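Using the working numbering, read the sequence shown as starting at -19 and increasing by one per residue.
All C-beta atoms in this analysis are idealised placements derived from N, C-alpha and C, irrespective of residue type, glycine included.
On a predicted model such as this, the values are computed, not experimentally measured, just so you know.
Here is the structure we will look at.
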Amino acid sequence: RDPAFTSFVEQPELAVMLRALLGSETVSFVRSHHNCVMTKQPRFSSDTGWHQDVRYWRFTNHNLVNAWLALTPESSPNGSLRVIPGTHRSEFSADRFDDALFLRPDHPENAALIERAVQIELAPGDLLFFHAAVFHFATRNYTQRPKLSAVFTFHGEGTQAVPGTKSESQPEVLLA
């Protein structure tokens, strides 16, 4: 929750892109989810299963966008993201998930879906925008150097945190 993060997200160019992506005149920076540095350490990281970030968040709808800022190079060997484009527009039956709400790779429909995944490679300073309901995955870091990314979440005026949930536990920042 360092002010450096708020300073980054308050850049006018970022607000312009987010307004276009969210289809909203106003955009809010969510401080209760993400708003952190994600790390994949060489010997201590793990695989992150196929998931949607909205699985545990509580908002009036799922129209949220993540901004993933690479702080170090991101590639397949160090656990960069893989995404399944378009999955934020799909509905999935409960049998396609495990108990922790990860997409089950052994389910035949999921296996076909996972084959469409795209590997994302980023250089330091690259910024990836993706819908918070897009399925994404990352392997552990197989290199000798840490992988670092700063991750932020945003929503427009038609999306609000549900009162009394963790999603409203931190004040949001309205972007100019």
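Distance between beta carbons of residue j and residue i, contact taken as under 8 Å
{"i": "T19", "j": "A118", "result": "Contact doesn't hold; Cβ gap of about 11 Å is too wide."}
{"i": "E152", "j": "S4", "result": "That pair is no contact at about 13 Å."}
{"i": "F134", "j": "L2", "result": "7 Å"}
Proximity to residue i [Cα-Cα], best of the options
{"i": "H68", "options": "C16, S149, W30 and T52", "result": "W30"}
{"i": "E89", "options": "A80, D78 and F72", "result": "F72"}
{"i": "V34", "options": "S25, S26, N46 and Q(-9)", "result": "N46"}
{"i": "P143", "options": "P57, L(-6), W37 and E(-10)", "result": "W37"}
{"i": "S158", "options": "G138, F82, F39 and A0", "result": "Because the chain here runs from -19 to 156, residue 158 falls outside it and cannot be looked at."}
{"i": "K127", "options": "A80, A103, M(-3) and A(-5)", "result": "A103"}
{"i": "P53", "options": "G105, L(-2), A141 and M(-3)", "result": "G105"}
{"i": "F24", "options": "A74, F110 and N58", "result": "N58"}
{"i": "L108", "options": "D79, V63 and A97", "result": "V63"}
Nearest-angstrom Cα separation, counted from residue j out to residue i
{"i": "R11", "j": "N41", "result": "17 Å"}
{"i": "N15", "j": "P65", "result": "23 Å"}
{"i": "A113", "j": "Q124", "result": "31 Å"}
{"i": "Q21", "j": "S147", "result": "28 Å"}
{"i": "V(-4)", "j": "E(-10)", "result": "11 Å"}
{"i": "V17", "j": "F110", "result": "17 Å"}
{"i": "Q140", "j": "R96", "result": "32 Å"}
{"i": "E101", "j": "P(-17)", "result": "28 Å"}
{"i": "F77", "j": "L(-6)", "result": "34 Å"}
Within 9 Å, strictly: CB atoms of residue i and residue j
{"i": "F(-12)", "j": "L49", "result": "yes"}
{"i": "H13", "j": "L61", "result": "no"}
{"i": "A154", "j": "T6", "result": "Checking the displayed sequence, the identity of residue 154 turns out to be Leu instead of Ala. For L154 and T6, yes; Cβs fall inside 9 Å."}
{"i": "R84", "j": "S26", "result": "no"}
{"i": "P(-8)", "j": "A130", "result": "no"}
{"i": "S70", "j": "Q99", "result": "no"}
{"i": "L81", "j": "Q32", "result": "yes"}
{"i": "R(-1)", "j": "G136", "result": "yes"}
{"i": "D79", "j": "H87", "result": "no"}
Any non-hydrogen atom of the ligand COA within 8 Å of residue i CB
{"i": "H14", "result": "What this structure holds is no ligand at all, so the ligand COA is not there to describe."}
Secondary structure, beta strand (DSSP E): runs of 3+ residues fully inside the segment 9 to 75:
Counting whole runs of 3 or more residues, the segment 9 to 75 contains the beta strand (DSSP E) stretches 16 to 20, 28 to 31, 44 to 50 and 61 to 63.
Unbroken stretches of the beta strand (DSSP E), 3 residues or longer, contained in the segment 90 to 148:
For the segment 90 to 148, the full-length beta strand (DSSP E) segments reaching 3 residues or more read 107 to 111, 116 to 118 and 127 to 136 along the chain.
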